[in-house]
Every structure is written in C-alpha cells, then in structure tokens.
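What follows is a short report on a single structure.
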Amino acid sequence: MNRRSLLKGAMGLGAAGAAGFPHIWIKSADMAYAAGGEIKIGILYSLTGTTAIIETSLNHATLMAIDEINAAGGVHGKKLVPVVEDPESDPATFAQKARKLVLSDRCVSVFGSYTSASRKAVLPVFEKYNNLYWYPTLYEGRECSQNVIYTGAVPNQQQKEFVPWLVKNFGKRFYLIGSNYIYPKEENNVCKILLKQLGGEVVGEEYVPLGHSEFSSVIQKFQDTKPNVIFSTVVGDSVVALHRQYKAAGLDPAKMPMASLTTSEEEIAAMGGEFAAGHFTSAPYFMSYDSPENKKFVESYQKRWGADKVTNFVSEPAYFQVHLFAKAAAKLGASDLHPAEIRKAAWGETVQAPEGLVKIDPDNSHTYLWPKIGEAQANGQFKIIEQSKEWVKPLPYWAYEGEVCTPTGMMEKKS
Ligand code: ACM
Numbered sequence: 401m402n403r404r405s406l407l408k409g410a411m412g413l414g415a416a417g418a419a420g421f422p423h424i425w426i427k428s429a430d431m432a433y434a435a436g437g438e439i440k441i442g443i444l445y446s447l448t449g450t451t452a453i454i455e456t457s458l459n460h461a462t463l464m465a466i467d468e469i470n471a472a473g474g475v476h477g478k479k480l481v482p483v484v485e486d487p488e489s490d491p492a493t494f495a496q497k498a499r500k501l502v503l504s505d506r507c508v509s510v511f512g513s514y515t516s517a518s519r520k521a522v523l524p525v526f527e528k529y530n531n532l533y534w535y536p537t538l539y540e541g542r543e544c545s546q547n548v549i550y551t552g553a554v555p556n557q558q559q560k561e562f563v564p565w566l567v568k569n570f571g572k573r574f575y576l577i578g579s580n581y582i583y584p585k586e587e588n589n590v591c592k593i594l595l596k597q598l599g600g601e602v603v604g605e606e607y608v609p610l611g612h613s614e615f616s617s618v619i620q621k622f623q624d625t626k627p628n629v630i631f632s633t634v635v636g637d638s639v640v641a642l643h644r645q646y647k648a649a650g651l652d653p654a655k656m657p658m659a660s661l662t663t664s665e666e667e668i669a670a671m672g673g674e675f676a677a678g679h680f681t682s683a684p685y686f687m688s689y690d691s692p693e694n695k696k697f698v699e700s701y702q703k704r705w706g707a708d709k710v711t712n713f714v715s716e717p718a719y720f721q722v723h724l725f726a727k728a729a730a731k732l733g734a735s736d737l738h739p740a741e742i743r744k745a746a747w748g749e750t751v752q753a754p755e756g757l758v759k760i761d762p763d764n765s766h767t768y769l770w771p772k773i774g775e776a777q778a779n780g781q782f783k784i785i786e787q788s789k790e791w792v793k794p795l796p797y798w799a800y801e802g803e804v805c806t807p808t809g810m811m812e813k814k815s
C-alpha cells in the first residue's frame with residue numbers, strides 16, 4: 401500500500417483531521433482488522449443460482465476449516481469470524497457484496513468465487529482497497545493480481561499432461577464445448593495451442609449460456625462430426641444436463657469420451673454416477689485419493705455436512721487455503737494484521753493438504769499442486785489413472801510465450 405492509498409483509507413474511516421498525522425490513523429485503522437477477540441473474514445460463494453451446485457461445497461469446506469482453526473485456539477487467541485454472503489451466481493452481486501465485506505465489515509481477507517467472471521468482477525474492489533481475495537478455483541491463468549492468492553490449478557497443472565494423454569489414448573480430433581464466458585474461451589485457447597503442437601484438430605467449438613439445459617443441437621453436432629474427444633469446460637447445473645442428454649442420445653464414452661476440467665464429484669452426485677461413468681477429468685484432487693490427510697478431510701466433511709456429501713477439486717483448495725491464511729496470519733503480530741502483510745507472509749507458506757504438500761509460490765501468488773487424471777465410475781467416484789510424481793509449479797502465463805508475472809502483480813514481457 402502506498403502512502404496516498406493509506407491516507408485515502410484513513411480518510412474513508414472518518415479520520416478527517418488526520419492528514420497531518422497519518423501514522424496514528426493508519427495504526428488505528430489497521431487494528432480494526434483484529435478488533436476485540438475477533439478476526440473477521442468474508443465468505444463469498446454462491447448459495448443460489450446456476451453455480452450454487454459447486455459453490456455451496458466451497459462455502460461448506462471454508463466454514464469447516466474455520467471451525468478447525470477456532471477449535472485449535474484461533475489465530476493469536478482470536479476467533480476467526482466468518483461473514484457469509486450469497487452473491488447468487490451473479491458477477492454484479494459479487495462486486496457489490498465484496499465492497500460490503502471489505503468496506504463495511506472490515507474483513508481482513510475474503511474467500512470466494514468459482515467462476516472467473518465473478519473473480520474478474522471483484523478484482524477492482526480488492527485492488528482499490530488493497531484487500532486480499534483467496535480464490536480456490538481452477539482457472540485459465542493469464543492473471544497475476546497482487547490482491548489475490550490463487551490456490552486452484554492453472555492450465556500447466558491441468559491441461560499440460562491431460563491433452564497429450566487424451567490424444568495418445570483416443571485420437572486427435574477434439575470438439576470443444578464450454579459455457580459462454582471468459583474461462584472456457586481462454587482455457588480452450590490453451591487446448592488449441594496444445595493440439596496444434598500435437599498435430600491435432602478442432603472439429604467444433606461451441607459455447608452455451610450459463611444455466612443452459614437443452615443440449616440436443618449440441619449433441620447432434622457431436623454425432624455429425626464424430627470427434628475422438630469432447631473437451632468440456634461447461635460449468636454449473638449445465639454439466640448435469642449435458643451428461644444426462646449425452647447418455648440418453650446413446651453416445652458411448654468408450655468411443656467418444658468427454659474430457660473435462662470442470663466436472664467433479666459434486667456435479668456427478670447431482671446427475672447420478674451412471675451418467676458420468678467412463679468420462680475423464682483432470683484435477684489435482686479427487687475424493688478417492690488415498691492419503692491420511694484426505695481421509696480426515698472426507699470424514700470431517702461428511703460428519704459436519706452429511707454422510708452422503710462429497711468433496712471435490714475445488715472444495716479441497718477452498719479448505720486448505722483457510723489453513724494457509726491462518727498460518728500466514730499467525731506469523732504476524734496481532735496488531736500487524738493487514739491484508740498486505742498477510743499476502744507477504746503467505747508467500748512461500750506450505751500446508752499438508754488432502755492432495756499432498758502444497759505451497760504458495762512467492763513468484764506469482766499461485767500454488768504448487770499435484771496434477772492427476774481420473775476416470776469417473778458408476779459409484780460417483782473417480783478412479784485415479786495418472787498422477788504427478790512431483791508437485792508442479794504454477795505458471796499462469798505458461799501457454800503464452802513472452803508473458804510472465806511478478807509478485808507485484810505487474811505483467812512483464814520476457815523479451
Ligand atoms: C472458472 O470459471 N474458473 C471455472
């Protein structure tokens with residue numbers, strides 16, 4: 401935070417007479433982040449609307465992590481107090497609620513968003529007020545804000561091994577189907593770059609509106625073009641409709657599988673395992689992953705939210721990122737709790753997550769993760785068929801030669 405924005409922040413708190421003594425007011429403003437016995441944090445995941453199907457699990461995993469941290473004594477003996485908002489799967493509502501959490505509630509960090517559209521919508525709020533947004537979702541990369549900690553996979557952690565594996569096992573002709581917003585389009589651009597390198601071909605590319613549920617014309621195009629792989633970045637409720645209608649049309653995953661970056665145990669639970677069986681997803685986490693930390697995560701989640709509930713590759717980072725936040729905050733003095741200080745303390749921080757040891761990369765505020773490929777089974781779980789032997793460094797500009805980001809949030813050209 402520079403001096404001008406500090407001054408502006410102090411003025412915003414009604415410190416009209418403070419201009420001559422900014423440090424006094426800065427201190428009192430900052431201490432508000434850990435007032436009394438509480439540290440307020442914002443929770444901004446949709447509980448209604450088309451992506452509530454997945455975002456509800458992010459809210460649940462976040463609240464569970466907060467409970468664990470509070471049960472262990474909190475941070476500096478202070479309890480984490482969640483301020484929960486429902487942004488209703490609507491980017492404009494996300495921005496409005498983000499402003500409330502940052503300005504009225506004085507949250508020291510906010511944990512939120514599934515879609516990249518909602519992340520882009522809140523970004524100006526976090527950048528303007530120098531607050532910190534913890535974003536757990538896989539996304540397209542090509543962003544490096546100094547006001548975001550990114551804990552989901554970027555394309556080099558999700559597509560880099562997946563696309564060559566699909567080409568090798570099924571063939572070079574891909575049909576790209578996505579929801580109509582920034583994430584699927586950018587992610588498909590990466591897929592096209594990879595396919596070009598592999599001598600592959602895009603036989604169709606199509607985007608459906610968010611919440612779309614009528615896939616008959618899309619499925620007719622699958623039947624007409626006969627791709628080897630249907631590469632899906634469809635999100636939300638539409639994932640359920642797409643899978644059900646694919647099966648109802650008599651298509652066969654053994655011949656024309658869907659390969660997805662966004663179909664998780666959560667959407668499969670909603671559609672029924674038989675509709676997902678034989679399709680593939682690439683992600684750093686699956687509920688079926690065998691580790692002591694994952695066993696504990698799944699058991700605690702089901703105890704807290706219901707024995708029939710599932711965990712998934714977005715709820716897992718939603719969970720571990722709260723633990724990373726708490727570890728970073730615990731390194732600071734209680735009166736130094738400020739979003740900018742937490743960001744610095746978070747760089748290089750690690751936690752033993754359900755998927756393996758993860759680390760926030762100080763080079764770019766993204767996270768070292770453990771890529772895997774899973775095949776969906778009729779019981780709603782994934783059989784893990786490939787997994788990285790090492791954690792993989794996040795490279796948010798990997799597919800775009802000449803672009804790189806720095807921890808200050810400035811994007812630089814390599815040459
Ligand atoms: C996404 O929009 N990042 C799934």
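Under the numbering used here, the first residue of the sequence shown is numbered 401, with each subsequent residue one higher. Think of the CB as a built atom: it goes at the ideal place given N, C-alpha and C, for glycine as much as any other residue.
Whether residue i touches residue j by CB criterion (8 Å)
{"i": "Q752", "j": "E693", "result": "yes"}
{"i": "G780", "j": "A649", "result": "no"}
{"i": "N556", "j": "W798", "result": "yes"}
{"i": "P653", "j": "F697", "result": "no"}
{"i": "N349", "j": "S660", "result": "There is no way to answer for residue 349, as the model of the chain reaches only from 401 to 815."}
{"i": "F511", "j": "I441", "result": "yes"}
{"i": "Y539", "j": "Y607", "result": "no"}
{"i": "L501", "j": "V483", "result": "yes"}
{"i": "P794", "j": "C544", "result": "no"}
{"i": "L610", "j": "G636", "result": "yes"}
{"i": "S371", "j": "A641", "result": "The displayed coordinates of the chain run from 401 to 815. Any statement about residue 371 would go beyond what the structure contains."}
{"i": "F725", "j": "W534", "result": "yes"}
{"i": "G600", "j": "T625", "result": "no"}
{"i": "C591", "j": "Q620", "result": "no"}
{"i": "G774", "j": "S691", "result": "no"}
{"i": "F622", "j": "L651", "result": "yes"}
{"i": "Q702", "j": "K709", "result": "yes"}
{"i": "T750", "j": "K744", "result": "no"}
{"i": "S345", "j": "I742", "result": "Residue 345 lies beyond the range of the chain shown here (401 to 815); nothing can be said about it."}
Nearest candidate by alpha-carbon position, reference residue i, set the options
{"i": "H679", "options": "N628, G636, F511", "result": "N628"}
{"i": "S638", "options": "E665, C507, G578", "result": "G578"}
{"i": "E438", "options": "E801, Q721, C507, E543", "result": "C507"}
{"i": "K783", "options": "P609, S688, R573, V510", "result": "S688"}
{"i": "H766", "options": "S489, E699, I630, I549", "result": "I549"}
{"i": "N531", "options": "L523, N764, T456", "result": "L523"}
{"i": "L769", "options": "E716, G611, D690", "result": "E716"}
{"i": "A521", "options": "L566, I785, Q496, Y575", "result": "Q496"}
{"i": "S616", "options": "T451, V590, K647, G571", "result": "K647"}
{"i": "P491", "options": "V481, K568, Y529, T448", "result": "T448"}
{"i": "A729", "options": "L480, N459, M464", "result": "L480"}
{"i": "E699", "options": "T451, I443, M464, T450", "result": "M464"}
{"i": "K528", "options": "T750, R499, T537, E485", "result": "R499"}
{"i": "L598", "options": "G604, F562, Y800", "result": "F562"}
{"i": "I630", "options": "E468, F574, T662, A434", "result": "F574"}
{"i": "E468", "options": "H723, T551, A776", "result": "H723"}
{"i": "A434", "options": "T551, L732, I785", "result": "L732"}
{"i": "E666", "options": "K772, E741, A461", "result": "A461"}
{"i": "L566", "options": "M658, D761, P762, G673", "result": "M658"}
{"i": "F675", "options": "A776, L737, V714, E749", "result": "A776"}
{"i": "A472", "options": "E801, G436, K727, L503", "result": "K727"}
{"i": "K478", "options": "I443, E803, S788, L737", "result": "L737"}
{"i": "D505", "options": "S489, N470, I443", "result": "I443"}
{"i": "V714", "options": "K596, N569, G673, F686", "result": "F686"}
{"i": "N764", "options": "Q546, G802, K572, A734", "result": "Q546"}
Start-to-end residues for the alpha helix (DSSP H) that takes in residue i
{"i": "K647", "result": "638–648"}
{"i": "E587", "result": "582–597"}
{"i": "L566", "result": "562–570"}
{"i": "V525", "result": "516–528"}
{"i": "Q702", "result": "692–705"}
{"i": "A676", "result": "673–676"}
{"i": "Q496", "result": "491–499"}
Residue range of the unbroken beta strand (DSSP E) whose run includes residue i
{"i": "Q787", "result": "782–787"}
{"i": "L757", "result": "756–760"}
{"i": "E775", "result": "772–776"}
{"i": "E817", "result": "With the chain represented from 401 up to 815, any question about residue 817 goes unanswered, as that position is not in the structure."}
{"i": "S683", "result": "Sequence check: residue 683 is Ala here, not Ser. From DSSP, the beta strand (DSSP E) with A683 extends over 680–683."}
{"i": "R573", "result": "573–579"}
Integer Cβ distance of residue i from residue j, believed to fall under 8 Å
{"i": "T493", "j": "Y581", "result": "In fact, because the Cβ distance is near 15 Å, the residues do not count as touching under 8 Å."}
{"i": "M671", "j": "R644", "result": "6 Å"}
{"i": "A553", "j": "P684", "result": "5 Å"}
{"i": "P487", "j": "S518", "result": "7 Å"}
{"i": "P536", "j": "A718", "result": "4 Å"}
{"i": "E586", "j": "R542", "result": "6 Å"}
{"i": "W747", "j": "P771", "result": "Their Cβ separation, rounded to whole angstroms, is 22 Å, which puts W747 and P771 out of contact at 8 Å."}
Proximity test, Cβ basis, 8 Å: residue i and chain D
{"i": "Y800", "result": "Annotation note: the requested chain D is absent from the structure, which comprises a single protein chain."}
| request: Considering only heavy atoms of the ligand ACM, list every residue whose Cβ is less than 5 Å from one of them, following chain order. | output: T515, S516, T537, Y539, Y583
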